[in-house]
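Residue numbers (my numbering): 204 to 327. We put the CB at the ideal spot given by N, CA and C, even for glycine. Reading through the C-alpha coordinates given below for one structure.
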Amino acid sequence: MPDAELLAIATGAAATILADAVRLGWGRARATVDRLFRQGTQEERDAALGALSRGVADDGLRIALASLLAAHAERRPDVLAELRSLAASPSAAPAVQVQRNEGSGTFIAGDVIGGLTINHDSSR
204 MPDAELLAIA
214 TGAAATILAD
224 AVRLGWGRAR
234 ATVDRLFRQG
244 TQEERDAALG
254 ALSRGVADDG
264 LRIALASLLA
274 AHAERRPDVL
284 AELRSLAASP
294 SAAPAVQVQR
304 NEGSGTFIAG
314 DVIGGLTINH
324 DSSR
(Lines of atoms letter the chains of each structure in order from A and count residues from 1; the text may use other names and numbers.)
(Lines give C-alpha, C1' and ligand atoms only; values in the text may rest on other atoms or scores of the structure.)
Protein backbone atom coordinates (compact mmCIF):
# COMPACT_ATOMS: atom_id res chain seq x y z
CA MET A 1 0.00 0.00 0.00
CA PRO A 2 1.49 3.35 -0.98
CA ASP A 3 2.13 5.86 1.77
CA ALA A 4 -0.09 8.94 2.16
CA GLU A 5 2.36 11.40 0.61
CA LEU A 6 2.88 9.26 -2.48
CA LEU A 7 -0.87 8.77 -2.86
CA ALA A 8 -1.44 12.54 -2.57
CA ILE A 9 1.16 13.20 -5.28
CA ALA A 10 -0.33 10.51 -7.52
CA THR A 11 -3.84 11.92 -6.99
CA GLY A 12 -2.67 15.39 -8.03
CA ALA A 13 -0.93 13.94 -11.08
CA ALA A 14 -4.05 11.96 -12.03
CA ALA A 15 -6.19 15.10 -11.73
CA THR A 16 -3.80 16.98 -14.02
CA ILE A 17 -3.81 14.17 -16.59
CA LEU A 18 -7.61 14.07 -16.62
CA ALA A 19 -7.90 17.87 -16.82
CA ASP A 20 -5.52 17.79 -19.78
CA ALA A 21 -7.72 15.13 -21.39
CA VAL A 22 -10.73 17.43 -21.12
CA ARG A 23 -8.97 20.59 -22.24
CA LEU A 24 -6.37 19.32 -24.70
CA GLY A 25 -7.77 15.96 -25.82
CA TRP A 26 -7.28 12.29 -25.13
CA GLY A 27 -4.12 12.13 -27.22
CA ARG A 28 -2.34 14.36 -24.72
CA ALA A 29 -3.50 12.23 -21.77
CA ARG A 30 -2.51 8.98 -23.50
CA ALA A 31 0.93 10.41 -24.33
CA THR A 32 1.45 11.37 -20.68
CA VAL A 33 0.44 7.90 -19.46
CA ASP A 34 2.70 6.27 -22.07
CA ARG A 35 5.61 8.45 -20.92
CA LEU A 36 5.00 7.68 -17.23
CA PHE A 37 4.79 3.93 -17.85
CA ARG A 38 7.60 3.78 -20.43
CA GLN A 39 9.67 1.56 -18.13
CA GLY A 40 6.73 -0.39 -16.79
CA THR A 41 5.22 -3.57 -18.06
CA GLN A 42 2.73 -3.71 -20.89
CA GLU A 43 0.09 -4.82 -18.36
CA GLU A 44 0.70 -1.69 -16.23
CA ARG A 45 0.43 0.57 -19.28
CA ASP A 46 -2.71 -1.21 -20.50
CA ALA A 47 -4.34 -0.88 -17.06
CA ALA A 48 -3.64 2.87 -16.93
CA LEU A 49 -4.85 3.41 -20.50
CA GLY A 50 -7.90 1.29 -19.72
CA ALA A 51 -8.69 3.55 -16.77
CA LEU A 52 -8.49 6.57 -19.09
CA SER A 53 -10.84 4.98 -21.60
CA ARG A 54 -13.65 4.97 -19.02
CA GLY A 55 -14.11 8.75 -19.31
CA VAL A 56 -13.50 11.63 -16.94
CA ALA A 57 -16.90 12.10 -15.36
CA ASP A 58 -16.45 10.39 -12.01
CA ASP A 59 -14.12 10.44 -9.02
CA GLY A 60 -13.70 6.68 -9.35
CA LEU A 61 -11.57 7.19 -12.45
CA ARG A 62 -9.31 9.70 -10.72
CA ILE A 63 -8.91 7.33 -7.78
CA ALA A 64 -8.21 4.33 -10.04
CA LEU A 65 -5.64 6.24 -12.07
CA ALA A 66 -4.03 7.65 -8.90
CA SER A 67 -3.75 4.14 -7.44
CA LEU A 68 -2.09 2.84 -10.61
CA LEU A 69 0.32 5.80 -10.66
CA ALA A 70 1.20 5.39 -6.96
CA ALA A 71 1.82 1.65 -7.34
CA HIS A 72 3.97 2.29 -10.40
CA ALA A 73 6.00 4.96 -8.53
CA GLU A 74 6.55 2.53 -5.65
CA ARG A 75 8.08 0.03 -8.07
CA ARG A 76 9.96 2.68 -10.07
CA PRO A 77 11.00 5.61 -7.84
CA ASP A 78 12.45 7.48 -10.85
CA VAL A 79 8.84 8.24 -11.90
CA LEU A 80 8.17 10.15 -8.67
CA ALA A 81 9.83 13.38 -9.86
CA GLU A 82 7.62 13.40 -12.95
CA LEU A 83 4.51 12.75 -10.84
CA ARG A 84 5.48 15.63 -8.52
CA SER A 85 5.81 17.91 -11.53
CA LEU A 86 2.38 16.92 -12.84
CA ALA A 87 0.82 17.32 -9.39
CA ALA A 88 2.29 20.81 -9.02
CA SER A 89 0.98 21.93 -12.41
CA PRO A 90 -1.88 24.39 -12.27
CA SER A 91 -5.19 22.88 -13.21
CA ALA A 92 -5.58 22.59 -16.94
CA ALA A 93 -9.34 22.93 -16.64
CA PRO A 94 -10.54 26.16 -18.22
CA ALA A 95 -12.33 28.67 -16.03
CA VAL A 96 -15.95 29.39 -16.88
CA GLN A 97 -16.52 33.07 -17.43
CA VAL A 98 -19.66 35.08 -17.99
CA GLN A 99 -19.49 38.29 -19.95
CA ARG A 100 -22.02 41.03 -20.58
CA ASN A 101 -21.41 43.52 -23.34
CA GLU A 102 -22.88 46.99 -23.12
CA GLY A 103 -22.33 49.62 -25.74
CA SER A 104 -20.86 49.14 -29.16
CA GLY A 105 -17.75 47.26 -30.19
CA THR A 106 -16.33 43.84 -29.56
CA PHE A 107 -15.47 42.73 -26.04
CA ILE A 108 -13.50 39.56 -25.30
CA ALA A 109 -12.70 38.49 -21.75
CA GLY A 110 -10.53 35.54 -20.80
CA ASP A 111 -9.07 32.85 -23.00
CA VAL A 112 -10.67 31.91 -26.28
CA ILE A 113 -10.28 28.21 -26.95
CA GLY A 114 -11.50 26.99 -30.30
CA GLY A 115 -13.22 29.11 -32.90
CA LEU A 116 -14.55 32.60 -32.47
CA THR A 117 -17.37 34.03 -34.54
CA ILE A 118 -18.31 37.68 -34.32
CA ASN A 119 -21.59 38.63 -35.97
CA HIS A 120 -22.18 42.30 -36.61
CA ASP A 121 -25.92 42.76 -36.49
CA SER A 122 -26.79 46.25 -37.73
CA SER A 123 -30.38 46.02 -36.46
CA ARG A 124 -29.33 46.51 -32.81
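Query: Looking only at its chain, what residues have a beta carbon closer than 6 angstroms to the beta carbon of Ala273, apart from the 5 residues adjacent to it on each side?; Result: Pro205, Leu209, Leu210, Ala213
Query: Could you pull the start and end residues of the alpha helix (DSSP H) that Ser270 belongs to?; Result: 262-278
Query: What separation, rounded to the nearest whole angstrom, lies between the Cα atoms of Ala217 and Leu283?; Result: 13 angstroms
Query: Can the beta-carbon of Ala254 be found less than 9 angstroms from the beta-carbon of Leu271?; Result: yes
Query: Where does the unbroken alpha helix (DSSP H) through Arg241 begin, and where does it stop?; Result: No alpha helix (DSSP H) contains Arg241, which DSSP labels as neither H nor E.
Query: Would you tell me roughly how many angstroms separate the C-alpha atoms of Val225 and Thr219, rounded to the nearest one?; Result: 10 angstroms
Query: Work out the CA separation of Thr244 and Ala295 for me, nearest whole Å.; Result: Here Ala295 scores only 48 on pLDDT, less than 50, and its place in the model should not be relied on; the value that follows carries that caveat. If you take the alpha carbons of Ala295 and Thr244, they lie about 28 angstroms apart.
Query: Whose C-beta lies closer than 8 angstroms to the C-beta of Arg279 among residues of the same chain, with five residues either side of it excluded?; Result: Gln242, Gly243
Query: What's the gap between the Cα of Glu247 and the Cα of Arg265?; Result: 16 angstroms
Query: Taking Cβ to Cβ, would you say Gly215 is nearer than 9 angstroms to Ala276?; Result: no
Query: On the criterion of 16 or more Cβ atoms from any shown chain inside 10 Å, does Phe250 qualify as buried, or is it exposed?; Result: For clarity, residue 250 is Ala in the given sequence; the question names Phe instead. It counts as buried.
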